[in-house]
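All remarks here apply to the structure that follows.
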Amino acid sequence: MMDSMTDLNAQKFPDVGMLQVDLDDIWALRDCYGFDSNSPAQLHFMYTHTLPLLLDLLDEAAVHATFFVVGKDLEYEPNIELLHDLIRRGHRVASHSWQHRLEWRNLDTQTMHNDLAKTEQIMQDKLGVTPLGFRTPGYAFTGRTLEVLADRNYRYDSSLMPSPWGWIFRYADSKMAARTGIVKTQFPLFRDAFHSLRPRQPIHGQPLFEFPVATAPFTRLPLQIGVCMRLGMPWLKGHLRLMKSLALPYIMLMHLTDLCDFQALNHPFFLKQKFFARPAIEKQEFVRQALWLLKQNYGNIEPLENRFTN
Numbered sequence: 023m024m025d026s027m028t029d030l031n032a033q034k035f036p037d038v039g040m041l042q043v044d045l046d047d048i049w050a051l052r053d054c055y056g057f058d059s060n061s062p063a064q065l066h067f068m069y070t071h072t073l074p075l076l077l078d079l080l081d082e083a084a085v086h087a088t089f090f091v092v093g094k095d096l097e098y099e100p101n102i103e104l105l106h107d108l109i110r111r112g113h114r115v116a117s118h119s120w121q122h123r124l125e126w127r128n129l130d131t132q133t134m135h136n137d138l139a140k141t142e143q144i145m146q147d148k149l150g151v152t153p154l155g156f157r158t159p160g161y162a163f164t165g166r167t168l169e170v171l172a173d174r175n176y177r178y179d180s181s182l183m184p185s186p187w188g189w190i191f192r193y194a195d196s197k198m199a200a201r202t203g204i205v206k207t208q209f210p211l212f213r214d215a216f217h218s219l220r221p222r223q224p225i226h227g228q229p230l231f232e233f234p235v236a237t238a239p240f241t242r243l244p245l246q247i248g249v250c251m252r253l254g255m256p257w258l259k260g261h262l263r264l265m266k267s268l269a270l271p272y273i274m275l276m277h278l279t280d281l282c283d284f285q286a287l288n289h290p291f292f293l294k295q296k297f298f299a300r301p302a303i304e305k306q307e308f309v310r311q312a313l314w315l316l317k318q319n320y321g322n323i324e325p326l327e328n329r330f331t332n
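Numbering (this note's numbering), first residue to last: 23 to 332.
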């Protein structure tokens with residue numbers, strides 16, 4: 023039975039800072055926006071070119087993150103060693119579904135179970151990891167998903183973006199997307215804005231936690247790296263201080279797109295979209311500063327998984 027998302031064990035999760043990274047590769051963007059590409063070098067560009075750069079930045083900052091893996095990417099053999107390297111460096115991996123289905127909110131319970139089971143199996147087979155955490159594609163937060171996760175013994179979900187501004191994401195998406203024929207239910211709904219910014223245990227009697235991604239108090243604007251890049255470093259700096267002063271955890275979320283060199287990818291879809299046009303060197307410097315600010319405000323940055331296993 024769904025609770026009212028109260029009953030937080032506040033002593034276990036005080037005002038901590040964490041970094042989460044969604045490993046959506048170019049093929050997932052292709053499925054979202056409908057551009058043409060069948061080149062493996064292009065479709066897996068994020069893993070082969072962007073992920074190593076991010077890992078070096080994290081080493082430089084002494085920050086450890088949780089990486090949300092799409093199960094289908096483990097069918098591509100070169101990705102597996104990259105993920106093993108990531109784990110060796112002290113990072114953790116969680117589940118981001120099997121193939122990043124953008125109609126996740128519409129899936130029935132059994133389909134969700136099947137998707138999660140398939141992803142769990144390949145993560146166990148290829149990485150030796152049983153995921154403790156999950157994020158739906160596109161922040162598709164639903165009570166049904168939480169119940170499925172609880173049934174499967176997950177320790178946390180981090181799909182909730184408690185913001186009323188999902189319609190802006192949907193509008194921007196519609197301006198970029200070709201006719202894909204894909205049903206999309208991604209991005210937060212207005213009702214999501216009524217949830218707390220704090221972690222909660224949403225199902226009475228179950229150990230599952232919901233950890234909302236960082237969202238600004240008062241305005242409820244998203245604080246993910248991609249949005250902060252557009253609003254500027256003072257926006258990020260000010261909200262890190264504000265969240266800390268309010269004793270709120272800060273789940274800093276980024277995607278590999280936030281660091282990707284789309285000029286080097288050299289695909290016409292990305293070259294003509296302003297959304298992806300920021301020079302890679304500028305993105306790299308922004309991420310470097312963001313990591314430094316996260317540590318400055320919240321101290322040691324470790325994966326959420328460490329709190330469940332220690």
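For every residue, glycine included, the Cβ atom is placed at its ideal position computed from N, Cα and C.
Can you give the beta carbon distance from residue 163 to residue 182, rounded, assuming they're within the 8 Å contact cut?
Rounded, the Cβ-Cβ distance is 4 Å, consistent with contact.
Between the alpha carbons of residue 161 and residue 179, how many angstroms are there, rounded?
If I take the Cα positions, the gap works out to 10 Å.
My parser needs the alpha helix (DSSP H) runs of 4 or more residues fully inside the segment 38-63; what are they?
Runs of the alpha helix (DSSP H) inside the segment 38-63: 48-55.
Apply the 10 Å Cβ neighbour rule to residue 314 and answer buried if 16 or more other Cβ atoms are within range, or exposed otherwise.
Classification for residue 314: exposed.
Within 7 Å: the Cβ of residue 79 and any heavy atom of the ligand MG?
The ligand MG is not part of this structure, which contains no ligands at all.
Taking the C-alpha atoms as reference points, what is the distance between residue 277 and residue 247?
Distance between the alpha carbons of residue 277 and residue 247 is about 8 Å.
Does the beta-carbon distance from residue 239 to residue 258 come in below 8 Å?
No, Cβ-Cβ distance for residue 239 and residue 258 is not below 8 Å.
Buried or exposed: which applies to residue 78, given that a residue is buried once 16 or more other Cβ atoms fall within 10 Å of its Cβ?
So residue 78 ends up on the exposed side.
Could you name the residues that DSSP lists as bridge partners for residue 88?
Paired residue(s): 42 and 114.
Taking just the CA atoms, how far does residue 263 sit from residue 255?
Roughly 12 Å between the two C-alpha positions.
Name the one or two DSSP bridge partners that residue 156 has.
For residue 156, which the question treats as bridged, DSSP gives the partners 117 and 179.
How long is the line joining the alpha carbons of residue 308 and residue 129, rounded to whole angstroms?
Looking at the two C-alpha atoms, the distance is approximately 37 Å.
Which class does residue 277 belong to by DSSP, given the choice of helix, strand or coil?
Here residue 277 sits in strand by DSSP.
By Cβ distance, which residues of its chain are closer than 8 Å to residue 173, with the 5 residues on each side in sequence left out?
Around residue 173: 135.
Counting along the chain, where does the alpha helix (DSSP H) carrying residue 238 start and finish?
Segment: none, residue 238 is in no alpha helix (DSSP H) and carries neither H nor E.
So, using beta-carbon positions, are residue 271 and residue 325 closer together than 8 Å?
Against a cut-off of 8 Å, the Cβ pair of residue 325 and residue 271 comes out as no contact.
For the alpha helix (DSSP H) holding residue 131, just list the boundary residues, first then last.
From DSSP, the alpha helix (DSSP H) with residue 131 extends over 131-149.
Write down the C-beta distance between residue 41 and residue 274 rounded to the nearest angstrom, noting that I regard them as a contact closer than 8 Å.
Residue 41 to residue 274, Cβ: 5 Å. Contact.
Quick one: what does DSSP say residue 323 is sitting in, helix, strand or coil?
In this structure, residue 323 counts as coil in the three-state DSSP scheme.
Do you know offhand how far residue 287's Cα is from residue 300's?
About 13 Å.
Measure the alpha-carbon distance for residue 245 versus residue 185 and round it to whole angstroms.
Approximately 10 Å, taken between the alpha carbons.
Please state whether DSSP places residue 252 in a helix, a strand or coil.
Of the three classes helix, strand and coil, the one that applies to residue 252 here is helix, per DSSP.
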